[in-house]
Every structure is written in structure tokens, then in C-alpha cells.
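Chemist: Residue numbers (the numbering used here): 6 to 103.
Positions of the beta carbon are idealized from the N, C-alpha and C atoms, including for glycine.
Input: one structure, supplied below.
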Amino acid sequence: MKKKQKISKIDNEGNIVEVKKESSKSNTLTAEQIVRYGDYLNLGFYLVAPLLVAVLAGFYFDKWLNTKPFFILLFIFLGSVATFYNLIKLTKDKDAPH
């Protein structure tokens, strides 16, 4: 006698729900899933871009004003602050009620 296999998944609220066997084989993405994947793809840009721009600007200003480590260290600090600001902003946007 075959055992009936139960398939479960985690829904958007974090609850475990049982899935019908037919729906578990579906490989199509919903529009909401595509938007979420886009958000995750942008995450690297939001976190790396401020720091990269800050390092390049610091290098340029140090070379231009001949103040070797000052501006690069200053802009690394400011770029790190901007990166954490973006991270906090992204997490607060996700926590907001829809």
C-alpha cells in the first residue's frame, strides 16, 4: 500500500501550508515573484554602489589635492554610512504594511 505523500510550502506570512500535488509541479512564476526577484537583484547595486563611488571620489580628490590618505578614508566612511542608510531604508520599506 502506497503512503499518500504530503507536500508543504511556506507562504508569504511564514506559515506552513499543504500544497496539492498538481500545483507543486508548476514551474511558472507569478508577477509578484518576478517583482521580488527584481528587488533582490537590485540589492547588490544599492549596497555596493555608494561605497564604490565613495572610494573612487576619495581617490580622485587625494590625487587632485595631493592629500594621500585623507579623502579616501573620509569618503570610505561616508560611503559606509550611505550603504547602511540604504540597507535600513530597504528593510523599512519591506516592513511597511501594504
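Val-60 and Ile-81 - do their beta-carbons sit closer together than 8 Å?
Modeler: yes
Chemist: Throw me the rounded Cβ distance for the Tyr-51 and Leu-83 pair, which I believe falls under 8 Å.
Modeler: Between Leu-83 and Tyr-51 the Cβ distance is about 16 Å, and since that is not below 8 Å, they are no contact.
Chemist: Residues in its own chain within less than 6 Å of Ala-62 by CB, not counting five upstream and five downstream?
Modeler: Phe-80
Chemist: Would DSSP call Lys-68 helix, strand or coil?
Modeler: Of the three classes helix, strand and coil, the one that applies to Lys-68 here is helix, per DSSP.
Chemist: Out of curiosity, what's the CA-to-CA distance linking Asn-20 and Tyr-65?
Modeler: 51 Å
Chemist: Using only alpha-carbon positions, find the residue among Phe-89, Val-22 and Lys-14 that is nearest to Leu-56.
Modeler: Phe-89
Chemist: Using the C-alpha atoms, what's the distance from Lys-73 back to Leu-13?
Modeler: Correcting the residue type first, residue 13 is Ser in the shown sequence and not Leu. The straight-line gap from Cα to Cα measures roughly 58 Å.
Chemist: Please report how far the alpha carbon of Asp-16 lies from the alpha carbon of Val-86, in whole angstroms.
Modeler: 34 Å
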